[in-house]
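What follows is a short report on a single structure.
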Amino acid sequence: MEKVYNSKEIEEKWRKYWIENKTFSAKSDGNKRPFTMFIPPANITGSLHMGHALNVTLQDIIIRFKKLKRYNTLWVPGTDHGGIATQNVVEKLLKKEGRTKYDLGRDKFLEKMQQWKTETGSTILDQLKKLGCGLDWDRLAFTMDESRSKAVKKAFIKLFDKGLIYRGKRLVNWCSRCATALSDIEVEYEDEKSNLWYIKYPLRDCSKYIIVATTRPETILGDTAVAVNPDDNRYAKLIGKIVKLPLVDREIKIISDYVVDKSFGTGAVKVTPAHDAVDNEIGKRSNLETIEVIDIGGRMINVPSKYLGLSIEEARKQIVKDLEASGFLVKTEDYVHSVGKCYRCSAKIESLMSEQWFLNVRKMSKKAVEAANDGRTSFYPQSWKKPYVLWLENLKDWCLSRQIWWGHKIPVYYCVDEKGKRTDCKPVASFDRPSVCSCCKGRNFVQDEDVLDTWFSSALWPMSIFDWGEDENNEDLRYFYPASVLATGHEIIYLWVARMVQFGLEFMKDVPYSDVFIHGIVKDKNGKKMSKSLGNVVNPGDIMDKYGTDALRFALAQAAAPGRDMQISEESFLAARNFANKIWNASRFIIINSQDIGELDKNIQTFELADEWIIVEFAATASKVKADYESYNIDSAAREIYDFFWTKYCDWYVELSKIRIMSADLNVKKRVLSILVYVLKLTLQLVSPVMPFIAEEIWQILNKGEKSVGIISESSFTEIKDGNSGSVEKMKVLQDIIVKIRILRSEMNISPAVWIEALFNILNERKEKVVKENESYIKQLAKISSIRFGRNITRPKNSALVVASGFEIFLLLEGLIDIDKEKARLAKEIALAKQEVSRTTLRLQNEYFIKRAGESEIEKIKLRLSEAKLKIEKINESLKFLG
RNA sequence: GGGCAGUUAGCUCAGCUGGAAGAGCAUUUCCCUUACAAGGAAGAGGUCGCAGGUUCAAAUCCUGCACUGCCCACCA
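Numbers in our numbering are just positions in the first sequence, counted from 1, shifted up by 16.
Encoded structure:
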């Protein structure tokens, strides 16, 4: 074995092994408990970023842990066609060639997309493999493959036939850059500096006017009312009066509406139902006319020729100028407000009227809320439930159609006449082009040109991966649905999580998963979100190459407190790599020493204190770690393992084992090595979900190539017998003595090469036995050449004093001792002990404490007091002795 | 405007069913001791955001405030 853990070679070996052996393939099996997860389908445009790495690492940890627990685990991989995002990427590529998608035409463009998908779509999958993800690769799914496409059509048709999907001209979010409508959650808001313009609207029948404040002067031309709050005394008399719209002289009414905030601006608001969501609502309530003045290209329409065809920006400038010139502009204030941006291209979003397909979500969202409230879906951490429910409760209908080319074409067919003109017959939704119109018996149809929101297919994912589209009642679907847990970041709770639940309840009559594990977002070391534009992206691939995949996984796991964002930097990967190396070297030590001892003891009868201790400590760690894995506290699990292995197993147990490993008695050596291996193997199992590569490598060496670390039975996982017998307490006594001697050695600058004689004055009978029985531990770890026990040993000359755990220990330091130093050290010790005495005495004198504190608590304090007193006494004696 | 998190050592974070402040990294000292210098032993470094309250006892529970971050909102 090499001295340093060589992650590259070893990882490559097991990566291949798991895939070739189909270690993570699963078949439905009624005799086994299923445990199902599916990967959030990764966009084919993407390469793996830290967020993915975190997300899939956590899932892999869960799946590997459940596999250890002998569930029939299945984790389904997949990719997403990614709708607008993907189309944009290819459009950009075309742009570099100086072409647009229109130059190619729809069919050619889609061909290009397909071709591009075949070329790059698998990079992310290769990276998942590199990470070691225990996915069932035979089940790889793509949102636009045949089975998934069938699911999309089926779902659409069902909803359509139920009357839940309807077409209507509504106010939608329009991205003019992407040239498509977007749903409400696809709009991101950003604060932007702008102005608030105060504009006079003169009353028709007198010289008075009402002033409105607006950030959108260009939409004046589409105003169909001015609204005030019904309780606003200032305007009470004006309600119902007519004002003339500046610049065009069109007459509109002053109305009242409760949404108007009296304190904002002037308390009067211009109402443009065609281009503002709030205004649209007001318009509906007051039956206002809707005048569209901006088209989908962002150009002015239905306006005087002067403004016709101007862009929004141009129109704004011109209109402000004209208002000013004609005296309608009262004042202009600086103003910051949030502006909607496209979540895919960051272009400004316009609210405008457009005919689109919508899904009525009222009933579905209600059912999803119920499922959250009665616990059929639980959130980890729980704090996400509230915003989730709130969102569902206020959900508006989902705009499903997108005016892009890449995606699932909406399966709606319109009856057309010979000339291709749509007839008045009702459109139908169907899998294939209908042969005859049920209404007019016509035989000509055209399909809707639009495609579905990419999230529509994502919402069906938990069902579609089990071929719901092909057969709603197939075995896999029955066995593996619903999944057990969905792990995802909080950025797609609404876009994805909530919709899967709604569709699951709608089509499967059951939630798609019972647990939703929300993890945080990976940020850079300055707390900034990683993004290409900021240039602070840390590529997981680079980290894997540099530090090893296990190191990447461990660092991410260790930082992944549920629901909390994490800052991660190079140092954390380095620390994780060091941990991997520690595991490697401890194992190496054990393996090297095991070579000449033949078969290990399977049934050890005699345990030393340290043996019992490490077994008990392991059992405690294992139970905590298992509970942590179960409750998605992966960070805590990682830390527990780290702490156990490094500080308990390596620093104490392995060190103590060396006494016996060097023993001339082969049986002694064999026995301790058997325990070392035993605990090591169990630890490897425990860590294998997080660090599968190194765990597998060492496991296979220890087991001479037998089975994978991931598929051993659970029984050995819990086989540990609790040694009881207070071994932890006993070890504490010895550790205390060892540490205190080490401190002294360090303070006195005594070289580790020097072995010291020691005299142990027994002050506490109860601890005498433990120490005498295990004096070799002290000798070995504190470098003591010999120990003489006694009861009334007086302090020898040239000795240093340590009072620890019921012993007064004199270390013979002939020639090494510096009397002044020793005095100073003892003085410091005595000061600390005095503090302890006063602290504990005070507590014990406190009658409330005595009355209310538990008995064991009081005992503890008493013990501390008496130990401190004893210490003072002994140190004082020594000081007197030193003169 | 509403909601949710966070505020503990120079940095990243544990600890929060209330009973002597912890880890990793960085830093100081000693040590290349035949598993590991990607290591070992020891040290220094915190009035646990602020102000109240509950309690014998508060980093931990309660209230308020401040700051930071995120999410939602009908920011004309």
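Glycine is no exception: its CB is placed at the ideal position from the N, C-alpha and C atoms.
What did DSSP end up calling residue i once you bin it into helix, strand or coil?
i	result
I717	helix
P768	coil
T95	strand
A840	helix
D45	coil
C431	strand
F533	strand
G543	coil
S732	Confidence is the limiting factor: at S732 the pLDDT is only 45, short of 50, which leaves the residue's position unreliable, though a coordinate-based value still follows. Reduced to three states, the DSSP call for S732 is helix.
V554	coil
F40	coil
W213	strand
L175	helix
N88	strand
M160	coil
P443	coil
I328	helix
G739	Because G739 sits at a pLDDT of 48, beneath the cut-off of 50, its placement in the model cannot be relied upon, and the following sentence gives the value as read from the coordinates. Coil.
L828	strand
C666	helix
T240	coil
W471	helix
R31	helix
M707	coil
V20	coil
W477	helix
D207	strand
For a quick check, are the C-beta atoms of residue i and residue j less than 8 Å apart?
i	j	result
I778	I599	no
P56	T637	no
M524	A475	no
E852	R880	yes
L521	I365	no
I77	I650	yes
L616	L689	yes
K839	L895	yes
V787	L750	yes
S192	G313	yes
L468	G423	yes
T699	F634	yes
T73	S500	no
K128	V106	yes
R49	I481	no
I888	A849	yes
Hey, quick one: how far does the beta strand (DSSP E) through residue i stretch, first residue to last?
i	result
A514	No beta strand (DSSP E) holds A514; the alpha helix (DSSP H) holding it covers A514 to F519.
P56	Note, P56: premise wrong, no beta strand (DSSP E); not H, not E.
Y864	Y864 -> not in any beta strand (DSSP E); alpha helix (DSSP H) instead, spanning E863 to R868.
D818	Per the sequence presented here, residue 818 reads as Val, with Asp not at that position. Counting along the chain, the beta strand (DSSP E) containing V818 begins and ends at S815 to A820.
S500	A499 to G505
N189	I181 to C191
S801	I800 to G806
Could you give the residue range of the alpha helix (DSSP H) that holds residue i?
i	result
A592	E586 to S610
A575	T565 to A575
A384	R378 to N389
G356	Per DSSP, G356 belongs to no alpha helix (DSSP H); it is in the beta strand (DSSP E), L345 to C358.
S690	L682 to V703
P403	K401 to E409
I675	E671 to I677
Taking 7 Å as the cut-off, is the beta-carbon of residue i closer than that to any non-hydrogen atom of the ligand SAM?
i	result
V444	The ligand SAM is not part of this structure, which contains no ligands at all.
Just confirm the distance between the C-beta atoms of residue i and residue j, as a whole number of angstroms; I'd bet it's less than 8 Å.
i	j	result
L110	T116	6 Å
M369	R186	7 Å
I809	F826	7 Å
A387	K401	Going by Cβ atoms, the distance from A387 to K401 rounds to 11 Å, so no, they are not a contact pair.
I606	Y669	In fact, because the Cβ distance is near 11 Å, the residues do not count as touching under 8 Å.
F40	Y645	Between Y645 and F40 the Cβ distance is about 17 Å, and since that is not below 8 Å, they are no contact.
Open item on the list: To test your reading of the DSSP string, which unbroken beta strand (DSSP E) runs of 3 or more residues are found completely within the stretch 284–325?
Closed with: 284–287
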